[in-house]
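For reference, the structure is listed below as structure tokens.
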């Protein structure tokens, strides 16, 4: 007997979170193996996984039916299948309604939703046992000729009689019954994982999950033999009838760009051209060169050919809004390769002078929308987001989703928990995985943590966790990725609520959008842009000078000299310890040096071993050679060492005959090989191509290894260049206007690597006067006060007072503007400060002008009582002065740190210096007189501890004393031996060997000693500040 | 009045430590939510490793290895506190657990009985030491002062208000039990010692601080009294009869049993309560006691009935060794509510409520012989079907009548000859998580004799048909 044909109409993928235990790819592969005619993916009230299912369907050659399983509130459970485009739109609208009504991650589908949106949908009714004919009749009115009764047979305790009852029910309603599998996994072997997911969903252990678990593993894609054994033939045949009716394809979706961006009488192409022509003069006031025109023409032609004009117009519109609102922004990433983007003001860097690669941005072969990411000021990005929502309406603009997937730690954690491991062991096990790893920890790692990898229970956990890794967990919102469309979005894709109020998210992520051809704009946030805008504002006020990113004086030698001395605290990108260590060696002298500096201190080049060859060549310690004249053109700017993704692409084109589009494929594989593999075909192709073109095998292989080391960490040159621009701008400001720069940074904090305390100390070391917080002078933000000699002093703002709110500060500013303060009581009452806010000001010393010291201030504010209206204007009875102890220097110091996070008095180590000298410690300034290799002891406050992944177990400790900072290198074995001093010290004494080379200095620790006791000993009376 | 405060600074730790013999190895107590485990207390050895109370477990692990973690158990600490209060009750009728980790005793009236304070104190310390509890003891003229002075002192004995006041003046402000915000405010005003605050004008203080602060200060100085709840010993009955000779027969135990029961009944009557459960300990010359648990459906206090019940449980008991003493313990003493019977009791003469029948069956056949059945939510039939003390319903969706009511203790291999298969297979695949995974197809079968059974074939391991149970 030949096997009956079958189409599975009820199947969940792992996008039915905590239910489906197989990916779409696994499901379709299995369906193909079993010879299914079609496979419906019917994830519960979601289409989040449908694009992936579509991909898998095409890959394995089994037709996808789009559908969804839904539970109607107080009503029946259904599988809805999409018959045609109308049905797809109904389903999107239906899911959107049900999701928007509920909390994030949940849904509430009402009967009326189904009534409103049932066109084009087929329904399989999953009746209860016994089924209620009443619901059946209601469904029949909604789905005339489109309703079936679903029959699930899973070898339960009374399949035969149940089938009988269902037949009777179908007969009563005169509808047909159809077999379907309620599939939760592709093979029986996923039973254990499916049980685990059930337990995760129910927040219990598997052993406790009992009746929530399925009694057996039948809910998989069963072989047609088995199906035939269990089901009457007509039920199976009916699946084909239904499958035949469902002919909708996702490729039918037609996305339309928003139209309002093009004025009457213009096409998108002509309007884009017009804008470019208009704006050309802004970029090149003296007239653009022929080369510019030629490049622009080329780009416009390609954009027109691919039909992406509206995309550029959309991004331009957003950037233009920001510019009108004086919000600083800059396109990052590969968009910097485009003249069109530069001309439109989306990017700030002239691609003509930096010979960037347009194919990296847009290519014919790739045929996918370009990706323009724009950074906006961190503080003001919300204004941009709200503008987009306003301009296009909430029904046409939404944020894209990010699919959070299980990493190893999360998978191990969830599985171990449902298998009943005690919580501390769950933690310990999860810790073995590392943070972002996607691999199950190996036996050795587990043994180190005290786990026996061979024990059956642990093996179960690891195997199941391994299956779970990579599974989607939940949808979250992309920080700024927008989808905008001409028609309402919920006709294209369901929209749901985000965790943040007033935000809506579509159910697809970036990759899904690419597949379906939807437009996405990334509205990102960058703290440095806020700081730079504040700098420009302060420059205008205090110096009367108008500067922009583009008009900052270029190639300024003083700025480069400062950078080369590694005096870059607070500067964009090159302020980290690793960057600072590189600067004196690299000695940047031109803008392009900065581009290299930004790109070279990255895990990619470090792992690809590109740093040292580059440095040796730059320092002329080894000759610069090129394997061929053609490659010289590619690698000349980086002295023959590949540093950028673009260079790898060019190399492939020049040396191995790749087309630009293929080269871009190579780049993508490079980024993804660690996760997905797939670099091998390129290896073969690259090596063959290079051999053919006369390169040596050894060279070709070395290049390939470097590409691998690059992995996903290599920077595109265009991205490095955009960042270098901000890096140069911030450096120039730091060099020429340090007070303005510091003030702007602190007002933009939190951002960057350093605390306001560190930034202020640096400023004071540079000779900038810093004035204390004072209710008579301070605003919320830090401000600048002219000193008479042209210099500016920084006045600390009320924002520095810990626990003091901005609202309080604004009221205070207003009340003071009306009339200066008479006394403490006047301040508290007129600024309506509650007792908490008053106490914060008093403790911070901000009342210095109105009370003698902190202690008196606190005593005074405590007495202020809200005035009853009846007694308004009546002076309260004067109180006699009480004598309170005045704070000591050390008490003030501790109070400063506790309330402001910084002190303007002496640095704590100044107070301790004589005692430290007695312990044999030198100050960081005294190290200047020493030479490489000297033994020395220092002590400092520990301001940073870092153990970078790339540094094989080395811990970098940053110590601070009254003269500056010192980097200490602690090797792994010392760190193990003196872990307590390393981790537990506030004030650390380090003995070791000094290393100084090329202006980079650090101390190799030999011995650590916790001397925090000295700090506490400074003032025995104040136990309450730590 | 004179008040002693016994402060137990390490109570939580001592509670754990006194049950262990490794006082010198590092030990920490853990508390807090699972996401953020925090060290609640550390012993000296752990402190030497750099561990401190308040650290997160993660931070502690980063600092050191090889320390033992014990979960803090508030219930256990509570028990120890109750025990201590009972202990202290011997020395004073006014014992209070008002402050956690501390005992307050009014000792003024106890001094006559327990000698001068110095020897009284010495006795307290010896006994506390014997209990394995570290402590500090302070005597002062009022309970609040005694408690707070114990924060900074040990062995201080202040017998008048004047001395107490002087000692308090010297206390740091953050150690005298002030609300945290007030203590912080004082310190931010530059004030460090209680005396400095007391030197300030009272009106100025009142203007600045909420009323509870002033109240607490007044109580510290004995100007206002703190209302204390005093410890009451628990309601329980315990009595022991020494038999003076070894008894080996049930008969000989009945007489002393009757005496104990009579005492119990008298006690119950006096307290106007009943007993729901009591334990009868048969103490042997050596070896553990034989314990007889007697439970009742409702609280009773009638001696004859209690005796009958106890006797019913005693008689079937096999006594493993001669009995030397009898002890009766009753903790569960709920109020007694006499039963009202309708004038014409509708129940048939012989009918008994199920619970009473069960009690009688158990009394006659032994606890082991009478079992309840409980349905456990587990798809594996042998796990789902559980014998238990009490019957209980579980929930598992299976068709009614598809499972036999009684399962065999062990499945039996069943010869297939002459069997008739009824209906389709039911497939059960479950239980992988505890190593007891089953994969079976179950069938209803009927033997030639007409017996209906439930049998399975093992899908993982081909073999005979296994009989799991019979349908009634």
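Chains as they are written, first to last, in my numbering: chain U, 899 to 1924; chain P, 55 to 526. All C-beta atoms in this analysis are idealised placements derived from N, C-alpha and C, irrespective of residue type, glycine included. Small disclaimer: the values here were computed from a predicted structure and weren't measured.
In its own chain, which residues sit with a C-beta less than 7 Å from the C-beta of residue i, not counting the 5 before and 5 after it?
{"i": "residue 504 of chain P", "result": "none"}
{"i": "residue 1315 of chain U", "result": "1324"}
{"i": "residue 529 of chain P", "result": "In the structure displayed, chain P extends from 55 to 526; residue 529 of chain P sits before or after that span and is not available."}
{"i": "residue 1479 of chain U", "result": "1898"}
{"i": "residue 1651 of chain U", "result": "1473, 1474"}
Quick one: Cα of residue i to Cα of residue j, how far?
{"i": "residue 103 of chain P", "j": "residue 118 of chain P", "result": "6 Å"}
{"i": "residue 364 of chain P", "j": "residue 336 of chain P", "result": "13 Å"}
{"i": "residue 1488 of chain U", "j": "residue 1229 of chain U", "result": "22 Å"}
{"i": "residue 1242 of chain U", "j": "residue 1284 of chain U", "result": "22 Å"}
{"i": "residue 1457 of chain U", "j": "residue 1466 of chain U", "result": "10 Å"}
{"i": "residue 980 of chain U", "j": "residue 1422 of chain U", "result": "36 Å"}
{"i": "residue 1748 of chain U", "j": "residue 1446 of chain U", "result": "41 Å"}
{"i": "residue 1309 of chain U", "j": "residue 1346 of chain U", "result": "20 Å"}
{"i": "residue 1259 of chain U", "j": "residue 1388 of chain U", "result": "30 Å"}
{"i": "residue 1238 of chain U", "j": "residue 957 of chain U", "result": "37 Å"}
{"i": "residue 1544 of chain U", "j": "residue 1557 of chain U", "result": "13 Å"}
Below 9 Å on C-beta distance, what does residue i contact in chain P?
{"i": "residue 1753 of chain U", "result": "242, 243, 244, 245"}
Anything in chain P within Cβ reach of residue i, meaning under 8 Å, just list it in chain order.
{"i": "residue 1463 of chain U", "result": "Correct list: empty, because the minimum Cβ distance to chain P is about 36 Å."}
{"i": "residue 1757 of chain U", "result": "243, 262"}
Spatial neighbours of residue i within its chain, please: C-beta separation below 6 Å, excluding the five flanking residues on both sides.
{"i": "residue 9 of chain P", "result": "Coverage of chain P is limited to positions 55 through 526, which leaves residue 9 of chain P absent and any answer about it impossible."}
{"i": "residue 1554 of chain U", "result": "1584, 1587, 1588"}
{"i": "residue 162 of chain P", "result": "55, 56"}
{"i": "residue 1377 of chain U", "result": "none"}
{"i": "residue 950 of chain U", "result": "922"}
{"i": "residue 1629 of chain U", "result": "1457, 1461, 1469"}
Would you mind sorting residue i into buried or exposed? The rule is 16 or more other CB atoms within 10 Å of its CB.
{"i": "residue 1150 of chain U", "result": "exposed"}
{"i": "residue 1534 of chain U", "result": "exposed"}
{"i": "residue 1551 of chain U", "result": "buried"}
{"i": "residue 225 of chain P", "result": "buried"}
{"i": "residue 480 of chain P", "result": "buried"}
{"i": "residue 1180 of chain U", "result": "exposed"}
Spatial neighbours of residue i within its chain, please: CB distance less than 8 Å, with the 5 preceding and 5 following residues excluded, ordered by chain position.
{"i": "residue 1782 of chain U", "result": "1753, 1754, 1757"}
{"i": "residue 1811 of chain U", "result": "1821, 1860"}
Short check: CB of residue i to CB of residue j, under 9 Å?
{"i": "residue 1896 of chain U", "j": "residue 1482 of chain U", "result": "yes"}
{"i": "residue 869 of chain U", "j": "residue 1246 of chain U", "result": "The question about residue 869 of chain U has no answer here: the residues shown for chain U are numbered 899 through 1924."}
{"i": "residue 378 of chain P", "j": "residue 314 of chain P", "result": "no"}
{"i": "residue 1852 of chain U", "j": "residue 1870 of chain U", "result": "yes"}
{"i": "residue 1381 of chain U", "j": "residue 1418 of chain U", "result": "yes"}
{"i": "residue 344 of chain P", "j": "residue 275 of chain P", "result": "no"}
Listing by chain order, which chain U residues have their CB less than 7 Å from the CB of residue i?
{"i": "residue 95 of chain P", "result": "The premise fails here: residue 95 of chain P is roughly 17 Å from chain U at the closest Cβ pair, so nothing lies under 7 Å."}
{"i": "residue 483 of chain P", "result": "1089, 1114, 1115"}
{"i": "residue 88 of chain P", "result": "1321"}
Identify the contact partners of residue i in chain P, using a Cβ-Cβ distance below 7 Å as the criterion.
{"i": "residue 982 of chain U", "result": "Correct list: empty, because the minimum Cβ distance to chain P is about 38 Å."}
{"i": "residue 1783 of chain U", "result": "244"}
Would you say residue i touches the ligand MG, meaning its beta carbon is less than 8 Å from a heavy atom?
{"i": "residue 55 of chain P", "result": "Only the bare structure without any ligand can be found here, which leaves the ligand MG out of the picture."}
Identify the contact partners of residue i in chain A, using a Cβ-Cβ distance below 7 Å as the criterion.
{"i": "residue 1354 of chain U", "result": "The chain inventory of the structure shown lacks chain A, comprising the protein chains U and P."}
Against residue i, what residues of chain U qualify as contacts under a CB-to-CB distance less than 9 Å, listed in chain order?
{"i": "residue 433 of chain P", "result": "1108, 1109, 1111, 1112, 1113, 1114"}
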